[in-house]
Amino acid sequence: MLELNQPSYTYEELAEKNKAYLWNPFTQMKDYLEEDPVIIAGGSGRQLIDVEGNEYWDGVSSVWLNVHGHRVPELDQAIRDQLENIAHSTLLGMANVPAILLAEQLIHIMPPGLSKVFYSDSGATAVEIAIKMAFQYWKNKGLPEKRHFITMKEAYHGDTIGAVSVGAIDQFHLIYSGLLFPSIKVSYPYVYRSPYGADPQEAAAGHLAELEQVLATRSHEVAALIVEPVQGAGGIITMPDGYLKAIRDLCNRYNVLMITDEVATGFGRTGKMFACEHEQVSPDILTAGKGLTGGYLPVAITVTTDEIYDAFYGDYAEQKTFFHGHSYTGNQLGCAVALANLELFRKNNLVSQVAKKSSYIKERLARFHELRHVGDIRQKGFMIGLELVVSKETKQPYDWTERIGARVCRRTRELGMLLRPLGNVVVFMPPLASTYEELDEMLAILYQGIAEVTEA
Ligand SMILES: *Cc1c(COP(=O)(O)O)cnc(C)c1O
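FYI, in this note's numbering the residues of the sequence shown are 244 to 699.
1) Do T508 and V470 have their C-beta atoms closer together than 8 Å?
2) Quick one: what does DSSP say F565 is sitting in, helix, strand or coil?
3) Just verifying my parser: in three-state terms, what is the DSSP assignment at D549?
4) Quick check on the DSSP output: the beta strand (DSSP E) that includes V429 runs from which residue to which?
5) Start and end of the beta strand (DSSP E) containing L291?
6) Does the beta carbon of E680 sit closer than 8 Å to a beta carbon anywhere in chain B?
7) Here's the rule I'm using: 16 or more other beta-carbon atoms within 10 Å means buried, otherwise exposed. How should H736 be labelled?
8) Among residues of its own chain, excluding the 5 on either side of C519, which ones have a beta-carbon nearer than 8 Å to its beta-carbon?
9) Consider the C-beta atom of V457 and the heavy atoms of ligand 1; say whether any pair is separated by less than 7 Å.
10) Is it right to say A459 is buried, meaning 16 or more other beta carbons lie within 10 angstroms of its own, or is it exposed?
11) Determine the DSSP secondary structure at A398, reduced to helix, strand or coil.
12) State the beta-bridge partners of Q474 as determined by DSSP.
13) Exposed or buried, what is H521 when buried is set at 16 or more other beta-carbons lying within 10 Å of its beta-carbon?
14) Please state whether DSSP places P316 in a helix, a strand or coil.
15) If I follow the unbroken alpha helix (DSSP H) through K262, where does it start and stop?
16) So what's M244 in DSSP terms, helix, strand or just coil?
17) On the CB-based measure, 16 or more other CB atoms within 10 Å of its CB, does K384 come out buried or exposed?
18) Do you know whose CA, among D402, Y679, R663, lies nearest M672's CA?
19) Can you give me the C-alpha to C-alpha distance between T531 and Y399, rounded to a whole angstrom?
20) How should Y209 be labelled, buried or exposed, when 16 other C-beta atoms within 10 angstroms of its C-beta is the threshold for buried?
21) List the whole-angstrom C-beta distance separating L576 from Q325, where the pair is believed to meet the contact cut-off of C-beta under 8 Å.
22) Mapping DSSP to helix, strand and coil, what is E453?
23) Within the present structure, is the beta-carbon of Y431 separated from the nearest heavy atom of ligand 1 by less than 7 Å?
24) Can the beta-carbon of G478 be found closer than 8 Å to that of G692?
25) What does the Cβ neighbour count give for G296, buried or exposed, with the cut at 16 atoms within 10 Å?
26) Closer than 6 Å by C-beta to L686: which residues in its own chain qualify, once you throw out the five before and the five after it? Chain order, please.
27) Could you name the residues that DSSP lists as bridge partners for F625?
28) Using a threshold of 8 Å, state whether the C-beta atoms of V465 and V499 are closer than that.
29) Put A699 into one of helix, strand or coil per three-state DSSP.
30) Can H400 be considered in contact with ligand 1, in the sense that its beta carbon sits closer than 7 Å to one or more heavy atoms?
31) With respect to 7 Å, is the separation between the Cβ of V407 and the closest non-hydrogen atom of ligand 1 below this value?
32) Note down the Cα distance separating Y679 from N591, rounded to an integer number of angstroms.
33) Quick one: grab the DSSP three-state call for F424.
34) Give the straight-line distance between the Cα atoms of E317 and F510, rounded to the nearest whole angstrom.
35) Is the beta carbon of V594 within less than 7 Å of some heavy atom of ligand 1?
Right, here's the structure in full:
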């Protein structure tokens with residue numbers, strides 16, 4: 244067991260203080276406080292340990308962030324080393340060493356054409372920046388009427404107002420509609436439930452025609468299209484092959500900027516450094532976050548091209564400046580650990596390891612088709628979603644009040660793995676450095692949890 248270096252409160256004392264003082268995100272506190280929440284005290288490798296000493300697999304990478312595991316010596320050391328110099332100074336009108344060096348390294352691994360890094364501190368802020376950048380780009384180019392955004396149904400881009408405005412998950416977003424700017428929503432090629440048929444290429448053609456119809460009528464007033472190469476919070480929805488490339492071609496043809504939100508898919512998660520690389524797509528703006536610091540500290544990036552950067556570049560009096568920044572933009576501790584993270588990617592050949600292990604996971608997932616209530620199995624690399632249904636024949640979804648996903652995850656917790664579902668979709672997103680043996684153990688718990696809860 245881990246030696247933990249912190250004051251020793253009992254579980255009950257901490258739960259009481261949680262109840263008294265802390266409001267948890269995306270959490271109905273009434274449910275939460277009636278249950279027995281996990282309170283984490285530490286972690287090691289791919290495991291988390293709670294204050295009572297129970298160990299769990301971190302089966303969703305601490306909600307999609309973690310790369311190499313917890314308490315990774317190289318990452319811990321990078322933060323200690325940076326602390327010997329300084330923790331933070333501003334990036335507004337000045338700079339710091341790790342922020343500059345990290346920007347250089349990021350550009351070297353980006354899809355071709357992306358050449359400038361703008362830092363922020365979360366995926367949502369990276370998306371806000373992308374939206375403001377695209378909007379102002381067209382203003383600076385003398386086309387202010389291009390100010391609308393196309394997004395996809397079930398899209399998730401973060402929880403700030405701009406990001407929610409281009410979001411489209413009713414359960415999370417509808418209540419705020421009075422606060423949002425309107426966006427144009429087209430369907431995502433969700434093949435399992437596509438109105439255009441069950442064949443991926445036929446479905447893709449139908450969804451693409453829908454998008455083209457919108458572009459043909461409205462592109463003159465559209466600044467950008469924003470898309471997740473794999474929809475994350477919408478339910479781990481993968482695209483048919485060729486779809487992202489087809490979107491890129493349409494954006495070119497209709498003179499609309501393409502923003503790819505790689506906050507979830509970036510940094511190796513899908514078996515390429517960035518998911519765009521599966522189709523040799525270079526967006527005009529790319530957002531990333533989550534895995535950038537290996538799951539250690541909040542740093543995010545909005546990366547763009549010279550074409551866009553140059554549209555903001557000019558004499559101050561031209562009023563083309565990008566007026567955006569955050570207190571902690573370019574934070575040194577975060578950039579230092581991101582540099583160490585990228586170093587470990589190289590040293591461990593991590594991206595090709597993920598690609599190899601993804602095929603292994605795919606083989607292991609085949610067995611899940613035997614389960615009577617697993618309707619669809621979706622996977623892109625280490626992003627896996629299993630959609631549970633009442634009936635495989637009719638694809639009838641479980642009623643949301645059954646909370647089937649949450650019940651499965653509750654059972655896997657008892658079996659030793661922490662997961663977080665998305666409605667009826669059980670999400671499995673293990674840390675990228677998980678070994679074959681660790682993946683086997685996690686997949687066994689996943690199978691047992693689903694089988695026991697859905698076939699009881
Ligand atoms: C998680 C996520 C975000 C938001 O990132 P935060 O760091 O939670 O603000 C944005 N876009 C996508 C695709 C995400 O998965």
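Ideal Cβ positions, reconstructed from N, Cα and C, are used throughout, including at glycine.
Since the structure is predicted, the reported quantities are computational estimates derived from the model, not experimental observations.
Result, derived from the coordinates:
1) no
2) coil
3) helix
4) 427-429
5) 290-293
6) The structure shown contains no chain B; it is built from a single protein chain.
7) Outside the displayed range of the chain (244 to 699) lies residue 736, so it cannot be described from this structure.
8) P354, P472, L487, T503, E505, S525, P526, L529
9) no
10) exposed
11) coil
12) I480
13) buried
14) helix
15) Residues 254-264.
16) Confidence at M244 is low in this model, with a pLDDT of 47, below 50, so the placement of that residue should be treated as unreliable; the coordinate-derived value is given next. Coil, per DSSP.
17) exposed
18) R663
19) Reading off the sequence shown, one finds Ala at residue 531, where the question assumed Thr. Going by the C-alpha atoms only, they are around 13 Å apart.
20) Nothing in the structure corresponds to residue 209, since the chain is present only between 244 and 699.
21) 5 Å
22) In the structure shown, the three-state DSSP call for E453 is helix.
23) no
24) no
25) exposed
26) So the qualifying residues of the chain are R607.
27) Note: F625 sits in no beta bridge, so no partner.
28) yes
29) coil
30) yes
31) no
32) 15 Å
33) Three-state DSSP puts F424 in coil, outside helix and strand.
34) Each residue's alpha carbon lies about 18 Å from the other.
35) no
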